[in-house]
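Just below is one structure, and these are the notes that go with it.
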């Protein structure tokens with residue numbers, strides 16, 4: 009029954025693409041057409057730019073769009089995190105204000121959660137929001153903000169009451185990133201990229217009508233965002249980044265030709281507009297096999313064993329999602345699946361890192377940090393794929409940390425799924441202002 013439903017959904021979106029995909033539209037025009045049809049965010053409610061499909065079926069829709077050769081839905085954290093969170097906790101006015109601009113790619117979002125002293129202990133955040141009439145005045149610092157440099161809006165967690173326990177005094181805002189008082193500075197990573205940023209907030213303002221989920225209810229809203237994040241980043245979760253073009257007013261892609269962001273110029277069969285972490289690391293599996301064949305490492309029994317282990321981990325993730333889909337049909341699910349999937353992805357990335365460097369051998373010690381250096385390194389090694397493997401190996405340290413560390417995922421599974429006792433703590437009963445702070 010499920011397979012029949014899947015085929016019907018794929019057939020439906022393919023028929024829609026036949027009638028509507030035009031590579032000569034601008035990115036903004038195409039995303040407006042895609043978003044308003046419900047195919048950009050098919051898991052969202054039908055009343056709010058979605059199709060009411062399951063997460064698994066939505067992944068199939070994204071793959072069908074890519075296979076057709078059309079540009080995929082707007083990428084980034086708007087579609088992945090902000091939109092689903094607002095659809096869950098926002099009032100109707102907030103849904104009208106924010107959701108359309110997300111599914112049509114008009115506005116890009118970033119996530120203003122982590123702070124220098126509040127990472128794994130996110131509830132210990134110290135950014136403050138003080139009410140001033142119908143607005144809130146915000147001061148603080150955020151860090152590890154993906155896409156902050158091109159964001160129009162941010163999902164902001166701020167402390168609105170220091171006289172209650174730390175989890176109870178947090179609120180969740182949609183904040184304008186273009187206003188005075190918000191400064192975004194890039195953080196250069198060991199890969200050479202600057203995907204993350206630190207954000208300094210000085211007397212920035214946000215309206216009371218941009219408070220999502222109610223005053224001091226931010227922890228519950230944030231957990232919804234984090235659940236969507238872990239599902240999107242987990243093994244088998246599909247692409248966390250969506251299409252190749254960037255949404256929002258800053259990146260400058262909205263006025264460009266949509267077909268230029270897919271291979272083959274956007275003609276059908278040109279290969280998809282999908283991408284992101286899942287696609288990148290999925291492609292890396294195939295690349296590692298080809299590299300091992302090319303340099304003879306495939307004859308090494310240990311390399312063959314690890315390649316098989318990598319394939320097995322990916323298959324387990326795939327079958328787990330199939331199992332979840334079957335359970336959903338009976339009204340049940342796999343408890344803690346998002347946390348399990350994220351742990352699985354961490355294990356896959358570490359194995360890809362170790363295996364990739366083992367296959368490259370001495371070339372794995374070489375890395376280029378700028379585009380011009382990559383071109384020179386490719387000429388020297390005569391292997392244009394080596395720089396990709398080493399960059400992925402360096403990047404592999406990040407996913408087990410962001411979106412909640414592996415240790416946090418294990419704690420959640422232990423406490424919320426298995427029912428194990430929590431560590432003794434007075435954090436949930438002591439007013440935040442009375443707790444010891446990180447120096």
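Numbering (our numbering), first residue to last: 9 to 447.
Even glycine gets a Cβ: it sits at the ideal position worked out from N, Cα and C.
Query raised in the report: For the 8 Å Cβ check, are there 3 or more pairs between the segment 108-125 and the segment 154-167?
Result: The segment 108-125 vs the segment 154-167: in contact.
Requested in this report: Can you grab the Cα-Cα spacing for the pair residue 85 / residue 204, in whole Å?
Outcome: 13 Å
Query raised in the report: What residue ranges within the segment 389-421 form continuous alpha helix (DSSP H) runs of no fewer than 4 residues, ordered along the chain?
Result: 394-403, 414-420
Report task. Give me whichever residues DSSP pairs with residue 193 in a beta bridge. Result -> Answer is 206.
Requested in this report: Under 8 Å Cβ to Cβ from residue 437, same chain only, skipping five residues before and after it: list those, please.
Outcome: 173
Query raised in the report: In angstroms, rounded to a whole number, what distance separates the CA positions of residue 125 and residue 27?
Result: 52 Å
Query raised in the report: CA-CA distance, residue 382 and residue 395?
Result: 7 Å
Query - Bridge partners - residue 184, DSSP secondary structure assignment - result: 161
**Report entry** Residue environment, residue 441, which counts as buried when at least 16 other CB atoms sit within 10 Å
**Finding:** exposed
Query raised in the report: Under a Cβ-count criterion, where at least 16 other Cβ atoms within 10 Å of its own Cβ denotes burial, should residue 319 be classed as buried or exposed?
Result: Classification of residue 319: exposed, given that the 10 Å Cβ count is below 16.
Report task. Spell out a yes or no on whether the segment 421-432 and the segment 358-376 are touching, meaning 3 or more CB-CB pairs, one atom from each, closer than 8 Å. Result -> The segment 421-432, when compared against the segment 358-376, does not touch it at the 8 Å Cβ threshold.
Query raised in the report: Which residue's Cα is closest to the Cα of residue 445: 133, 195, 333?
Result: 133
Query - Length of the line joining the Cα atoms of residue 219 and residue 127 - result: 22 Å
Query - N-terminal and C-terminal residue of the beta strand (DSSP E) that residue 150 is part of - result: 143-150
Query raised in the report: Using DSSP with H/G/I as helix, E/B as strand and the rest coil, what is residue 331?
Result: helix
Query raised in the report: Out of curiosity, what's the CA-to-CA distance linking residue 65 and residue 51?
Result: If I take the Cα positions, the gap works out to 8 Å.
Query raised in the report: How would you call residue 160, buried or exposed, if buried means at least 16 neighbouring beta carbons within 10 angstroms?
Result: By the 10 Å Cβ count, residue 160 comes out buried.
Query raised in the report: Where residue 187 and residue 332 are concerned, what is the direct C-alpha to C-alpha distance, given to the nearest angstrom?
Result: 43 Å
Query - Sequence-distant residues of the same chain with beta carbon closer than 7 Å to residue 232, five excluded per side - result: 93, 96, 97
**Report entry** Where residue 105 sits in the DSSP three-state scheme
**Finding:** helix
Query raised in the report: What is the rounded straight-line gap between the Cα of residue 22 and the Cα of residue 45?
Result: If I take the Cα positions, the gap works out to 13 Å.
Requested in this report: Compute the minimum distance between the beta carbon of residue 212 and the heavy atoms of the ligand MN, and state whether it is under 8 Å.
Outcome: In the structure shown, the ligand MN is absent, as is every other ligand, since no ligand is present at all.
Query raised in the report: Where does residue 6 sit, in a helix, a strand or coil, going by DSSP?
Result: Missing from the structure shown is residue 6; the chain here goes from 9 to 447 and no further.
Query raised in the report: How big is the Cα-Cα spacing for residue 183 and residue 191?
Result: 13 Å
Query raised in the report: For residue 209, which option in 136, 257, 351, 103 has the closest C-alpha, if you only look at C-alpha atoms?
Result: 136
Query raised in the report: Pick from 379, 316, 302: whose alpha carbon is nearest that of residue 399?
Result: 379
Query raised in the report: What are the start and end residues of the alpha helix (DSSP H) that includes residue 41?
Result: 35-45
Query - Through-space distance from residue 225 to residue 287, alpha-carbon basis - result: Bear in mind that the predicted position of residue 287 carries a pLDDT of just 49, short of 50, making it unreliable; the figure below should be weighed with that in mind. So the alpha carbons of these two residues sit roughly 35 Å apart.
Report task. To the nearest angstrom, report how far apart residue 432 and residue 419 are at their CA atoms. Result -> 13 Å
Report task. Classify residue 345 as helix, strand or coil using the three-state DSSP reduction. Result -> helix
Query raised in the report: residue 69 lies in the alpha helix (DSSP H); which residues open and close that run?
Result: 63-76
Query raised in the report: Rounded to the nearest angstrom, how far is the Cβ of residue 325 from that of residue 352, given a contact under 8 Å?
Result: The Cβ separation is near 5 Å, so the contact holds.
**Report entry** Cβ-Cβ separation, residue 359 to residue 6 (assumed contact under 8 Å), whole Å
**Finding:** Coverage of the chain is limited to positions 9 through 447, which leaves residue 6 absent and any answer about it impossible.
**Report entry** Residues sharing a beta bridge with residue 178, DSSP
**Finding:** 167
Query raised in the report: Any idea what DSSP makes of residue 262, helix, strand or coil?
Result: In this structure, residue 262 counts as coil in the three-state DSSP scheme.
Report task. Leaving aside the five residues before and after residue 56 along the sequence, list all residues of the same chain whose C-beta is less than 6 Å from its C-beta, in chain order. Result -> By the criterion of a C-beta distance shorter than 6 Å, residue 56 is surrounded in its chain by 95, 103, 107, once the five residues flanking it on both sides are discounted.
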